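Residue numbers (the numbering used here), protein chains in the order written: chain A, 28 to 160; chain B, 282 to 582.
Notes follow once the structure below has been shown.
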Amino acid sequence: MRHKFPVNETQSKFTEKIIEISGQNVRKCNQCGKCSAGCPLADQMDLLPSQVIRMVQIGDTSVLESKTIWLCASCFTCAVRCPQGIDLAKVMEALRLQSLRKNIDHVKPSAIPEIEKLPQIAVVSSFRKMTSS
Amino acid sequence: MKIPYYPGCTLKKDALNFEESALAVGKKLGMELVELPRWNCCGTVYSLASDDLMHYAAPIRNLIRAQELNENRIVTLCSMCYNTLKRANLRVKDDEEALTTLNEFMDREEDYRGEVTVLHLLEILKDEIGFEKIEETVEVPLKGLKIAPYYGCLLLRPKEVGIDDLEEPRIMHSLLESLGAEVIDTPYKVECCGAYQTASNKEAVAERTYSILTSAAREGADAIALSCPLCDFNLDARQETVEEKYHDFERMPVFYFTQLMAIAFGLDEKVCRFDLNYVDPLPLLSKINGRDTLKMNKKKI
Chain A
28 MRHKFPVNET
38 QSKFTEKIIE
48 ISGQNVRKCN
58 QCGKCSAGCP
68 LADQMDLLPS
78 QVIRMVQIGD
88 TSVLESKTIW
98 LCASCFTCAV
108 RCPQGIDLAK
118 VMEALRLQSL
128 RKNIDHVKPS
138 AIPEIEKLPQ
148 IAVVSSFRKM
158 TSS
Chain B
282 MKIPYYPGCT
292 LKKDALNFEE
302 SALAVGKKLG
312 MELVELPRWN
322 CCGTVYSLAS
332 DDLMHYAAPI
342 RNLIRAQELN
352 ENRIVTLCSM
362 CYNTLKRANL
372 RVKDDEEALT
382 TLNEFMDREE
392 DYRGEVTVLH
402 LLEILKDEIG
412 FEKIEETVEV
422 PLKGLKIAPY
432 YGCLLLRPKE
442 VGIDDLEEPR
452 IMHSLLESLG
462 AEVIDTPYKV
472 ECCGAYQTAS
482 NKEAVAERTY
492 SILTSAAREG
502 ADAIALSCPL
512 CDFNLDARQE
522 TVEEKYHDFE
532 RMPVFYFTQL
542 MAIAFGLDEK
552 VCRFDLNYVD
562 PLPLLSKING
572 RDTLKMNKKK
582 I
C-alpha cells in the first residue's frame, strides 16, 4: 500500500487527535517492525501494528476501518519492546475510541454467543474495550 | 500476618477454585487474607486514554477502602485486578491534578492520599514468606509432575507494574520448584492468550490456546500453572473450541498456582474446587509419586 505526502489539513488533524488521546508521539516511529514481529495476534490482522502506526503518522483515517484495532488485546508486548518508547496499546485504544465515543458499539452485548458461560472478567473487559458504555 | 485482600468479581464466582485454594494456602503459611469491606469491580482493564479519568474512579475507590482501615497495602490474586489497581494507583501518585479531580468527583468518600501499595500474592510469597519456608511446608512434593508456568501479560507488563523480568520471569518457576515439581520452561510463557477477545472472537483465542498448549506439550509439560482467571478460561475452557478445529490436539490440565500449593501442602483436596476446572486434573494428580500412599497412611493413623 502506498501513501503520498504531503497530508492535507483533515489528515494532520486526525494525527494530532490520536497523539493527544493516546499521549504517544507516533511521529517517532521509524518503522523498524519490532511491534509487528512480536504481536501474538498479527497473523489474524489485516494491517500489521507497524502499518497502523504508519497510517496514523500520515493521517490516513481509513485505519479506523481495519480489523487490527479491534483484534489488539492490549497485551503490551509491543509497548515494552518498542525501541522508540511508543506505547502502541495506547494508540490502538485512541483509535477504538474514535468510534466508541460516537456511541458506536463494535460488539453488541446481545450478540455475544453463550455469554452466560463466560467468566465475569471476560464480559466486563470485552464491554470496556468494544462497546461505548 | 494479616493482609487486606481484594478479590475482584471473578474470584467470587467462576474462579472460586483460585480464591478458596489461595485462602487455605495462606492460612497454612500463617497469613490471613482479609477481604476488603465494600469493594467494587476494578473495571478489569486499565484505561489507556490520557483523557479518561472516569475509569480510574473504580480502582481508586477500592484503595480508599484499604486507607479507611489504616492499611498501607492490599494484595490481589487476579492478574487483571492487580494490573488495573496498580496502574491507576501509579497514575494518581504521579499526577496530583488527576488525584484532585478524582477526589472531588468521589465527594462522598474520604480523599485518597496515594499511600496504598498494590501487591500480587506471588510477591508476598517470594518476598515475605520466602520460597524456603514454602519448601519446608510441603508435605507431598509434586514429584513426577511436569508443570509449565504461564505468566501471560498483566503480571509483567508494562514494566512499571511488572513483578518480574519482562521476557524471562522466574517467580512462578521458583515457586513450583519449591513445591517439588519439575518446571518446564516454554517460549510462550509471556505471550498473550487473546484476553477479552474470547467474548466476541473465540476462534482468535483458540489459535492462541493451541499454540501455547502444544508448545508446552512439546517441551514435555503435563500441565500449566497460572494466576489469571481470564488466561485460565482461555487456556482451559477454550480447549473445547481448539478440539473442534485441531483433531491432533490433546487436552492439558490448567491449574491456578495456589491449587498446586494446596496439593503439595497436603491440604484437603476440597479447597482446590477441581469441579470448576474444565479439563479434569485428577488423573494427572494421581501420578504424583507417593501421593496415594501418603493419603492411605494418613487414614490408617
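Every residue gets a Cβ at the ideal spot worked out from N, C-alpha and C, and that includes glycine.
It should be emphasised that the depicted structure is a prediction, and the values quoted were computed from it without experimental measurement.
query, result
"Whether B/Asp295 touches A/Pro146 by CB criterion (9 Å)", "yes"
"CB contact flag (A/Thr95, A/Asp73, <9 Å)", "yes"
"Cβ pair count under 8 Å reaching 3, the stretch 131-140 of chain A against the stretch 323-340 of chain B", "no"
"According to DSSP, residues forming a beta bridge with B/Arg354", "B/Thr398"
"Residue range of the beta strand (DSSP E) that includes B/Ala504", "Ala504 to Leu507"
"B/Glu463 (DSSP reduced to helix, strand or coil)", "strand"
"Where A/Lys156 falls: helix, strand or coil (DSSP)", "helix"
"Closer than 9 Å to chain A by CB, B/Arg489", "yes"
"Length of the line joining the Cα atoms of B/Asp503 and B/Arg532", "10 Å"
"Contacts that B/Pro439 makes with chain A (C-beta to C-beta distance below 7 Å)", "Phe103, Ala106 and Val107"
"For B/Pro430: DSSP bridge partner residues", "B/Ala506"
"Residues within the stretch 118-141 of chain A neighbouring chain B, beta-carbon criterion of under 7 Å", "Glu120, Ala121, Leu124, Val134 and Ile139"
"Sheet register partners of B/Ile284 (DSSP bridge)", "B/Leu314"
"Three-way DSSP call (helix, strand, coil) for A/Phe103 in this model", "coil"
"Per-residue burial, B/Lys581 [other beta carbons within 10 Å of its own, 16 or more giving buried]", "Residue placement at B/Lys581 is poorly supported in this model, since its pLDDT is 44, which falls under 50; the coordinates still yield a value, given next. Its Cβ having fewer than 16 others within 10 Å, B/Lys581 is exposed."
"Contact the stretch 146-158 of chain A vs the stretch 476-483 of chain B: 3+ CB pairs below 8 Å", "yes"
"Alpha-carbon spacing of B/Ser508 relative to B/Leu563, whole angstroms", "19 Å"
"Closer than 7 Å at the beta carbon, the chain A residues around B/Gln520", "Those do not exist, as B/Gln520 stays about 14 Å from chain A at its closest Cβ, beyond 7 Å."
"Contacting residues, own chain, Cβ-Cβ under 8 Å from B/Arg354 (five flanking each side not counted)", "Ile284, Pro285, Ala347, Val397, Thr398, Val399 and Leu400"
"Distance CB(A/Leu75)-CB(A/Gln125) smaller than 9 Å", "no"
"Which of helix, strand or coil DSSP assigns to B/Tyr477", "coil"
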